[in-house]
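Before any comments, here is the structure.
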Amino acid sequence: MNCISAATAGTATRIAAEIFGETGKSENAFATNAVIETILSRSAAKYYDATATLSDDQIRDLVRIGTSAPTSFHLQNWRFVAVRSPEAKARLRPIAWNQPAITDAAVTFIIIGQLADASTVPDRLAPVVEAGIMPARLVPDWEIPARGLYDNQPQRQRDEAVRSATFGAAAIIYAARSLDLGSTPMIGFDAEAVHSEFGLAEDEVPVMLLTVGPERAGNWPQKPRLPVADVLDFA
1 MNCISAATAG
11 TATRIAAEIF
21 GETGKSENAF
31 ATNAVIETIL
41 SRSAAKYYDA
51 TATLSDDQIR
61 DLVRIGTSAP
71 TSFHLQNWRF
81 VAVRSPEAKA
91 RLRPIAWNQP
101 AITDAAVTFI
111 IIGQLADAST
121 VPDRLAPVVE
131 AGIMPARLVP
141 DWEIPARGLY
151 DNQPQRQRDE
161 AVRSATFGAA
171 AIIYAARSLD
181 LGSTPMIGFD
191 AEAVHSEFGL
201 AEDEVPVMLL
211 TVGPERAGNW
221 PQKPRLPVAD
231 VLDFA
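Okay, structure coming up:
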């Protein structure tokens with residue numbers, strides 16, 4: 001475990017202790033859960049190893065995991081552009097507030113949400129039917145309410161684009177952390193310029209940038225969060 005991992009692992013243990021201190025339960029099972037350890041040890045990276053790279057297969061694996069995230073009606077209304085060549089990074093950095101992480105990180109994903117389009121539901125569900133997960137007769141039961149929700153509703157369509165893309169980005173973030181890679185979600189960029197420079201379609205929204213790559217020393221551990229008691233109500 002490198003020095004960065006050791007620091008973040010210590011933070012995860014501390015957070016687990018705080019949570020179970022509130023509930024009075026033992027923290028042992030919680031602290032040894034690898035998934036929860038990954039979540040609690042994640043922090044936004046600022047400093048990346050600028051000499052490190054990720055292979056095409058590593059990038060594909062991260063996106064494959066990202067696409068396991070949930071989407072409404074199985075729309076899968078997202079797309080990911082992996083900005084990793086020096087030329088592409090040089091195009092992106094000036095329209096992303098000139099943030100060094102854009103060029104230092106192994107890859108920056110442009111996380112794209114697509115406006116929710118209910119007409120795609122039958123195509124999206126076809127592999128689900130073929131896999132025997134759902135019967136074909138249920139497809140209209142999904143498409144009809146999807147049309148009622150999204151047809152002629154531009155705000156809802158855009159909301160769903162942002163929601164889906166964010167779910168996908170979160171999955172990539174935690175997958176990266178589990179592989180000992182740093183990540184940083186960013187909203188500091190010129191959305192119109194990114195849309196134009198990287199050829200996004202009319203129905204696509206650049207929701208965020210997500211840098212991913214091996215870290216170098218100097219990154220902070222996860223910052224303290226508000227107490228659960230301040231953000232949770234029971235009904």
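Positions 1 to 235 (full-length UniProt numbering) are the ones given, in order, by the sequence shown.
All C-beta atoms in this analysis are idealised placements derived from N, C-alpha and C, irrespective of residue type, glycine included.
Helix, strand or coil at residue i according to DSSP, with G and I counted as helix
i: Pro185; result: strand
i: Phe234; result: coil
i: Tyr47; result: coil
i: Gly132; result: coil
i: Trp78; result: strand
i: Gln155; result: helix
i: Gln58; result: helix
i: Thr103; result: helix
i: Thr53; result: coil
i: Thr108; result: strand
i: Gln114; result: strand
Cα-Cα separation between residue i and residue j, rounded to whole angstroms
i: Ile112; j: Arg42; result: 23 Å
i: Leu209; j: Asn33; result: 29 Å
i: Leu115; j: Gly66; result: 18 Å
i: Phe73; j: Ile59; result: 26 Å
i: Trp71; j: Tyr150; result: It should be noted that the sequence gives Thr, not Trp, for residue 71. So the two alpha carbons sit approximately 14 Å from each other.
i: Val107; j: Leu200; result: 18 Å
i: Cys3; j: Asp49; result: Residue placement at Cys3 is poorly supported in this model, since its pLDDT is 41, which falls under 50; the coordinates are not used for a value here.
i: Pro94; j: Ile187; result: 14 Å
i: Thr51; j: Ala101; result: 12 Å
i: Ala90; j: Ala165; result: 24 Å
i: Ser119; j: Glu204; result: 16 Å
i: Phe234; j: Thr103; result: 45 Å
i: Val231; j: Lys223; result: 16 Å
i: Ala170; j: Pro214; result: 18 Å
i: Gln99; j: Glu87; result: 16 Å
i: Phe198; j: Glu192; result: 10 Å
i: Ile36; j: Tyr174; result: 10 Å
i: Ser196; j: Phe80; result: 15 Å
i: Pro206; j: Arg225; result: 28 Å
i: Arg156; j: Ala146; result: 11 Å
i: Pro154; j: Trp78; result: 17 Å
Short Cβ contact (9 Å threshold) for residue i with residue j
i: Val212; j: Leu54; result: yes
i: Leu92; j: Val194; result: yes
i: Arg216; j: Tyr47; result: yes
i: Leu179; j: Asp117; result: no
i: Asp159; j: Ala96; result: no
i: Leu40; j: Phe109; result: no
i: Ala69; j: Gly218; result: no
i: Thr184; j: Ala105; result: yes
Anticipated Cβ contact below 8 Å, residue i with residue j, distance rounded
i: Ala82; j: Gly182; result: Not confirmed; about 16 Å, so no contact.
i: Pro127; j: Val139; result: Not quite, the Cβ-Cβ distance comes to about 12 Å (not below 8 Å), so this is no contact.
Sequence ranges, beta strand (DSSP E) only - wholly within the region 185 to 227, length at least 3 = 204 to 213
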